[in-house]
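Protein chains in written order, with our numbering: chain L, 6 to 230; chain S, 6 to 230.
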């Protein structure tokens, strides 16, 4: 059976990594099944077999692939039906969408939800999360308590290119979702898994796009471990 | 002869519209010739034949097409060799790059160069530019005199997704430039045409990418009217 090591919170059902979500919907896109094995921040030894210490890790028969982008490329190579990217140029453009997601969108979402993430973790993972994130940010997690409205405004402004695009076409991939949709969609499943904060106004075209992606994979995305 | 109505400054040689530049390099990409007819902001009557009042306007035989994105689509449809986008999905992704360029990159460049643009115009066009831009911005042009360093910092941060992408592949389109490269490249020809401000550090990977696009079309991009 195909396996994906998947970041989990205190509850097994809490799967919040935006990178792992890319793999979850990419597998659904290809109608491929997998077991999503819960994994926590402090279980780095359990990934030793993969030669690195981060999720997602896909184990597919005798192949082990880490890094969500590499996993998506592996899936297109190994299972060419229902491609995530239908040409090298399209994949190359997808790489820009990936980097926009990571340098602009994730950066705008993270400060809004980092305390929610913290609260969703086991105590031992909380300690790891606090130490690593406070070191990276140069600030205490609690410094992000306020300013929610200003951060939401920044996030909604950051979403402008996505919003303009999905006003003109149903998906980033055009008439159907592509790998680019999976990458951006993962960014939104991250807050959804841990936070009650409403990131989008209900009439935001981005919300319509989110609903379309969710509907496209509703029957094929499974959370069971 | 194919004709493109092309925004010009006081000097005929000053062609600064980022949208017109898209068409210039897209034509070069396809090895198609055109006359680039200088046009100024206050010459709206000269575009009346196109049913709207903005450049670029392409006149190709009996076809008239306005709007840079529509012109690029027209070129791929009419001259399918050397496609700007090699699949509908790739074009769909390109639309995201276009909207990122217009909502993030142009927004970061414009405040840095708007006084330079103003100074490059004929007096009658200066009056038009001042009135229309001050109304849109809600501020006087001269309010943008200072803060150059802070604005350059914002611009360089905005460029993160482009920078990360062209570190990993030569062009946004991958091994070769695509329509997405033309759209982003146009944004950089805009300041280059009117301003001495150095937007990029010389060792910025974005500068390397700019040099590669310039080199790819060096022999085919003409400025002659």
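Don't be surprised by glycine CBs; every beta carbon is placed ideally from N, CA and C.
Would the stretch 54-66 of chain L count as touching the stretch 146-153 of chain S if we require 3 or more Cβ pairs under 8 Å?
no
Check whether chain S comes within 8 Å of residue 85 (chain L), counting only Cβ atoms and requiring the distance to be less than that.
no
Following the continuous alpha helix (DSSP H) through residue 154 (chain S), name the residue where it begins and the one where it ends.
153-163
Flag residue 20 (chain S) as yes when its Cβ comes closer than 7 Å to any non-hydrogen atom of the ligand FAD, and as no otherwise.
No copy of the ligand FAD appears in this structure; indeed no ligand is present at all.
Using the rule of at least 16 other Cβ atoms within 10 Å of the residue's Cβ for burial, across every protein chain shown, is residue 143 (chain S) buried or exposed?
exposed
Under 7 Å by beta carbon: chain L residues contacting residue 97 (chain S):
The answer, in chain order, is 174, 177, 178 and 179.
Mind checking whether residue 187 (chain L) and residue 99 (chain S) have CB atoms under 8 Å apart?
Not a contact, by the Cβ cut-off of 8 Å.
Based on Cα-Cα distance, which residue from L:46, L:28 and L:51 lies nearest to residue 40 (chain L)?
L:28
Residue 77 (chain S) to residue 166 (chain L) span [Cα, whole Å]:
19 Å
Determine whether the Cβ of residue 188 (chain S) lies closer than 8 Å to any Cβ atom of chain L.
no
So for residue 201 (chain L), helix, strand or coil by DSSP?
coil
Hey, does residue 116 (chain L) have any beta-carbon neighbour from chain S nearer than 8 Å?
no
Under the rule that 16 or more other beta-carbon atoms within 10 Å means buried, what is residue 223 (chain S), buried or exposed?
Burial state of residue 223 (chain S) is exposed, judged by a 10 Å Cβ sphere holding fewer than 16 other Cβ atoms.
DSSP-derived helix/strand/coil call for residue 179 (chain S)
strand
Would residue 239 (chain L) and residue 25 (chain L) qualify as a contact pair, given that the criterion is a beta-carbon distance under 8 Å?
This structure cannot speak to residue 239 (chain L), because chain L is shown only from 6 to 230.
Report the neighbours of residue 23 (chain L) on chain S: residues whose CB is nearer than 9 Å to its CB, in chain order.
Those within 9 Å of residue 23 (chain L) in chain S number zero; the least Cβ separation is about 16 Å.
Counting only Cβ-Cβ distances shorter than 8 Å, please list the residues of the stretch 140-160 of chain S near chain L, keeping chain order.
none
Looking only at its own chain, which residues have a Cβ that is under 8 Å from the Cβ of residue 215 (chain L), when we skip the five neighbours before and after it?
Its chain contains 190, 193 and 205 as the residues whose beta carbon lies nearer than 8 Å to that of residue 215 (chain L), once the 5 sequence neighbours on both sides are disregarded; these appear in chain order.
Quick check on DSSP: helix, strand or coil for residue 229 (chain S)?
Low confidence applies here, because residue 229 (chain S) scores a pLDDT of 44, under 50, leaving its location unreliable; read the following figure in that light. In this structure, residue 229 (chain S) counts as coil in the three-state DSSP scheme.
May I ask you to report which of helix, strand or coil DSSP gives residue 13 (chain S)?
strand
Less than 8 Å between the C-beta atoms of residue 125 (chain S) and residue 15 (chain S), yes or no?
yes
Collapsed DSSP secondary structure at residue 172 (chain S) in the structure displayed:
helix
State the CB to CB distance for the pair residue 231 (chain L) and residue 7 (chain L), rounded to an integer number of angstroms; the pair is presumed to be in contact (CB under 8 Å).
Chain L is shown only over 6 to 230; residue 231 (chain L) falls outside these bounds and no answer can be derived.
Helix, strand or coil for residue 37 (chain S)? Go by DSSP, reduced to three states.
coil
For residue 43 (chain L), which residues does DSSP report across the bridge?
L:11
Output yes if chain S places a C-beta closer than 8 Å to the C-beta of residue 102 (chain L); else output no.
yes
So, does the CB of residue 200 (chain L) fall closer than 8 Å to a CB anywhere in chain S?
no
Interface residues of chain S facing residue 113 (chain L) [CB-CB closer than 9 Å]
Per Cβ cutoff of 9 Å: no residues; residue 113 (chain L) is ~12 Å from chain S at best.
For residue 211 (chain L), would you say it is in contact with chain S, using Cβ-to-Cβ distances shorter than 8 Å as the test?
no
Whose C-beta lies closer than 6 Å to the C-beta of residue 305 (chain L) among residues of the same chain, with five residues either side of it excluded?
This structure cannot speak to residue 305 (chain L), because chain L is shown only from 6 to 230.
Taking its Cβ as the centre, do 16 or more other Cβ atoms sit within 10 Å of residue 49 (chain L), making it buried, or is it exposed?
exposed
Rounded to a whole number of angstroms, what is the C-alpha to C-alpha distance between residue 212 (chain S) and residue 52 (chain S)?
35 Å
Using a beta-carbon distance below 8 Å, is residue 91 (chain L) in contact with chain S?
yes
Going residue by residue through the stretch 54-128 of chain L, where are the continuous alpha helix (DSSP H) segments of at least 4 residues, counting only ones entirely within it?
73-83, 93-105 and 111-124
Residue 108 (chain L) versus residue 162 (chain S): straight-line alpha-carbon distance, rounded
A straight-line Cα-Cα distance of about 9 Å links residue 108 (chain L) and residue 162 (chain S).
Between the CA atoms of residue 128 (chain S) and residue 110 (chain L) - distance to the nearest angstrom
42 Å
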